[in-house]
Amino acid sequence: MDRPDASVAGDTTPHAWTSVCALAQLEPLWGEAALIDGQQLALVLLPHGHLYAVTNEDPATGSFVMSRGIVGSKGDRPTIASPLHKQVYDLETGHCFTTAEYALRTFPVRVDAGLVQVRLDAGQAG
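Have a look at this one:
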């Protein structure tokens with residue numbers, strides 16, 4: 001998990017972190033959907049405490065279903081598989097292991113004072 005920096009929730013400057021939910025509301029290995037400023041994200045907490053935020057939109061179909069995906073791993077890489085066509089994506093990079101033309105957008109995520117926070121302006125396509 002990333003450690004807090006000087007940014008504050010509710011800060012409207014570029015690179016602001018947005019509070020999403022309490023960390024205690026997330027279950028390990030279970031995706032949760034979040035709607036933040038009109039963007040749908042999938043939050044995934046792993047048992048060892050690593051937290052990931054990716055777009056909830058399935059790149060292959062355009063459906064907003066990634067929060068219902070299958071969480072797992074490929075070697076030492078944490079993954080999420082689309083619940084529709086089972087493309088497997090790296091949770092850290094968004095890279096698709098099964099179909100190179102697809103990629104999930106990933107977002108920086110951290111926990112500050114028990115709150116999950118995401119930076120929408122810094123999302124990157126895998």
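Take 1 as the starting number for the sequence shown in UniProt numbering and just add one per residue. Backbone N, C-alpha and C fix where the C-beta goes; we use that ideal spot for every residue, glycine too.
Between Ala-22, His-48, Gly-38 and Val-71, which lies nearest to Lys-86 when the distance is taken from Cα to Cα? Val-71
According to DSSP, simplified to helix, strand and coil, what is Ala-122? helix
Cross-strand partners of Gln-39 (DSSP beta bridge): Ile-36
On the criterion of 16 or more Cβ atoms from any shown chain inside 10 Å, does Asp-58 qualify as buried, or is it exposed? buried
Quick check on this structure: which residue in Lys-74, Val-44 and Pro-78 has the alpha carbon closest to the alpha carbon of Val-66? According to the sequence shown, residue 66 is Met rather than Val. Selected option, being the one with the closest Cα: Val-44.
Return the chain-ordered list of same chain residues with a C-beta closer than 7 Å to the C-beta of Pro-28, the five sequence neighbours on each side being excluded. Leu-45, Leu-46 and Pro-47
For Gln-117, name the three-state secondary structure that DSSP assigns. strand
Given that a residue counts as buried once 16 or more other Cβ atoms are within 10 Å of its Cβ, and exposed if not, what is Asp-90? buried
Measuring alpha carbon to alpha carbon, tell me which residue in His-50, Thr-61 and Gly-62 is nearest Ser-73. His-50
Are there 16 or more other CB atoms within 10 angstroms of the CB of Leu-35, so buried, or fewer, so exposed? exposed
Can you have a look at Thr-79 and say buried or exposed, based on whether 16 or more other CB atoms are within 10 angstroms of its CB? buried
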